[in-house]
Each structure stands twice: as structure tokens, then as C-alpha cells.
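To start, the structure itself, in C-alpha cells.
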Amino acid sequence: MQIKKMPESERPQEKMLYAGAGGLSNSELLALIIRTGTEKKSAVRLADEVISYANDNIGDLGSAEVKELTEIEGIGEAKACSIVAAMELSKRLMSDRQGAVKVRIKDSRQVAEILTEEMVGEKREVFMTLNLNSKLQVESKSVISIGNIDSAPVHPREVFGPAVRRGAAAVVVAHNHPSGDPTPSPQDIEVTKRLIKASEILGIRLLDHVIVGNGCFTSMKSEGYFAD
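Be aware that the sequence shown starts at 9, since it is given in this note's numbering, and climbs by one per residue.
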């Protein structure tokens with residue numbers, strides 16, 4: 009049934025106006041994002057199919073790419089871009105909320121927990137830094153690169169540039185392994201060695217390099233890759 013043929017009280021937009029966003033289902037919220045359906049499917053029905061494509065998990069939808077979404081019948085590039093943009097805004101909102109309270113980094117597990125939301129489910133490697141003050145509190149997060157660290161090695165300048173600009177006293181670097189296995193690769197080890205040398209020259213402490221896997225992580229410092 010097309011949305012305009014639904015009873016007014018069941019239409020997502022009208023429902024939001026009198027019940028608020030919290031009164032809408034995931035499908036209804038997504039229907040407002042994609043705005044229109046097709047000749048055969050309403051926007052709500054189409055939204056249902058998008059969520060089913062993501063295994064009925066909004067978290068999985070957050071890692072979907074435009075090209076993947078356009079494989080769903082009725083989802084063109086415009087609708088796919090709207091969905092991906094909404095998911096990205098959601099991630100940034102969560103990131104801003106986390107950054108509103110300065111968290112003191114105590115161990116590598118905490119680093120993994122802070123970055124899991126942004127890395128788990130990603131099909132590409134995301135390399136990030138946490139920039140810390142002298143009390144080891146997180147002042148900011150920086151996305152350094154998105155891609156494959158093996159084919160596009162991370163340069164120390166890219167890692168420490170944001171830390172220098174923000175006057176950070178220390179940094180923690182982290183990236184994910186889309187395979188889910190956080191075992192360090194030879195390239196991970198080489199990058200870590202270069203970053204350690206750069207940190208010594210710049211006088212900015214490199215506390216750890218954390219590799220995030222599927223429900224697990226590896227601290228390269230704990231594994232002995234950092235000199236004492």
C-alpha cells in the first residue's frame with residue numbers, strides 16, 4: 009500500500025508529528041529518510057527490505073556502502089546516499105557524545121571499547137588516533153586513513169600531525185582488521201616501529217597500537233612490540 013493511501017494516523021510523517029520520533033519503528037524512521045517508494049512498494053515496505061538486507065540489525069546497516077544498497081530493488085543512488093549519510097551522522101553524534109566527557113585512558117581494552125562502535129563491521133581498515141592530554145584524557149579522535157594498511161602504509165606525519173596541532177602529550181593509535189582476526193601483520197609491525205621512532209623525535213608519547221578484531225583485540229605494546 010502506498011503511504012498516501014494509508015490512514016493518516018499510520019503515515020510516518022504524520023505519526024512523528026503527533027507521537028514524536030520515539031514513537032516510530034525503525035522501518036518508519038528509515039521510510040522518512042528514503043522519502044518515496046516505488047510503483048509497487050511503499051517507502052515503509054522498501055525500508056523493511058533494506059533492514060532485512062542488513063540482517064534486521066541497524067548496526068549492520070551502519071557499515072553498508074552506497075554500492076551495496078543499490079543492489080536492493082527500488083534503492084537507487086539517491087536513496088542509498090541518503091541512508092549512508094544518516095548512518096554517518098549517527099556515528100558522529102555518538103562520537104561527539106563520547107568526546108563531551110573526557111575519558112582517561114587506563115589500558116588498551118578501554119581503547120578498543122571506545123573505538124569498537126566505529127570499527128566493528130567495517131569492511132575496510134580504519135586507522136585512527138586518540139589524542140591525549142598530560143593526564144591521559146582523550147581530547148580528540150582523528151581518522152588517519154581508510155583502506156588497506158598493507159597497500160597504503162600510514163605515514164608518521166599523518167598520525168602525529170593532528171596531535172601536534174592539538175598540543176597532545178600522548179597518542180594511542182588503533183586500526184581494525186576486517187577479517188576479525190587482530191593478529192598483527194608484518195606491515196602492522198613495521199608501521200609501529202616507524203611510529204615509535206617518530207614519537208621519540210617529536211616528544212609525543214606513543215602509548216600503544218591497538219588492533220581491533222571481531223569481539224577481541226591485540227595490544228601491540230602488551231605483545232612486546234614496544235621498547236621499554
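Glycine residues also receive a C-beta, built at the ideal position from the N, C-alpha and C atoms.
Same chain only: Cβ atoms within 8 Å of residue i, ignoring 5 sequence neighbours per side
{"i": "Gly31", "result": "Lys23 and Met24"}
Secondary structure of residue i, DSSP reduced to three states
{"i": "Ile209", "result": "helix"}
{"i": "Lys48", "result": "coil"}
{"i": "Asn34", "result": "helix"}
{"i": "Phe234", "result": "coil"}
{"i": "Asp64", "result": "coil"}
{"i": "Gly84", "result": "coil"}
{"i": "Ile197", "result": "helix"}
{"i": "Met228", "result": "coil"}
{"i": "Glu133", "result": "strand"}
{"i": "Asp216", "result": "strand"}
{"i": "Ser187", "result": "coil"}
{"i": "Ala94", "result": "helix"}
{"i": "Ser71", "result": "coil"}
Span separating the alpha-carbon of residue i from that of residue j
{"i": "Ile41", "j": "Ile122", "result": "28 Å"}
{"i": "Glu47", "j": "Gly28", "result": "28 Å"}
{"i": "Val167", "j": "Ala178", "result": "12 Å"}
{"i": "Ala108", "j": "Leu97", "result": "The predicted model places Ala108 with a pLDDT of 48, which falls under 50 and marks its position as unreliable; any figure quoted below should be read in that light. So the two alpha carbons sit approximately 16 Å from each other."}
{"i": "Ser153", "j": "His163", "result": "10 Å"}
{"i": "Val74", "j": "Cys224", "result": "28 Å"}
{"i": "Val151", "j": "Ile212", "result": "18 Å"}
{"i": "Glu36", "j": "Lys49", "result": "14 Å"}
{"i": "Val172", "j": "Ala182", "result": "18 Å"}
{"i": "Ala39", "j": "Gly67", "result": "17 Å"}
{"i": "Gly175", "j": "Leu210", "result": "11 Å"}
{"i": "Arg202", "j": "Gln195", "result": "11 Å"}
{"i": "Arg132", "j": "Ile219", "result": "13 Å"}
{"i": "Ile245", "j": "Lys205", "result": "Residue 245 falls outside the range modelled here, since the chain spans only 9 to 236, and no answer is possible."}
{"i": "Glu231", "j": "Ser90", "result": "42 Å"}
{"i": "Thr124", "j": "Asn139", "result": "17 Å"}
{"i": "Arg165", "j": "Arg100", "result": "25 Å"}
Close beta carbons around residue i, own chain, < 7 Å, minus the five adjacent residues each side
{"i": "Asp216", "result": "Ser116, Val119, Val180, Ser227, Met228 and Lys229"}
{"i": "Thr200", "result": "His217, Met228 and Tyr233"}
{"i": "Gly84", "result": "Thr78"}
{"i": "Ile80", "result": "Glu57, Val58 and Tyr61"}
{"i": "Met95", "result": "Leu69 and Gly70"}
{"i": "Arg112", "result": "Lys143, Leu144 and Gln145"}
{"i": "Lys87", "result": "Ile42"}
{"i": "Gly188", "result": "Gly221 and Asn222"}
Expected contact under 8 Å - CB spacing of residue i and residue j to nearest Å
{"i": "Thr191", "j": "Pro170", "result": "Contact doesn't hold; Cβ gap of about 27 Å is too wide."}
{"i": "Ala72", "j": "Val92", "result": "7 Å"}
{"i": "Glu130", "j": "Asn184", "result": "6 Å"}
{"i": "Val134", "j": "Glu126", "result": "7 Å"}
Spatial neighbours of residue i in its chain, beta-carbon cut-off 6 Å, leaving aside the 5 residues before and after
{"i": "Gly45", "result": "Ala51 and Leu54"}
{"i": "Ser207", "result": "Leu214"}
Element boundaries [alpha helix (DSSP H), containing residue i]
{"i": "Gly169", "result": "Pro164 to Arg173"}
{"i": "Pro20", "result": "Pro20 to Ala27"}
{"i": "Arg43", "result": "Premise fails: Arg43 is in no alpha helix (DSSP H) and is neither H nor E."}
{"i": "Val119", "result": "Ser116 to Met127"}
Host beta strand (DSSP E) of residue i (start-end)
{"i": "Ser142", "result": "Premise fails: Ser142 is in no beta strand (DSSP E) and is neither H nor E."}
heavy atom of the ligand HEM below 7 Å from residue i C-beta
{"i": "Gly155", "result": "No copy of the ligand HEM occurs in the structure displayed, which carries no ligand at all."}
8 Å Cβ cutoff, residue i in contact with chain C
{"i": "Glu36", "result": "Protein chains in the displayed structure number just one, and chain C is not present."}
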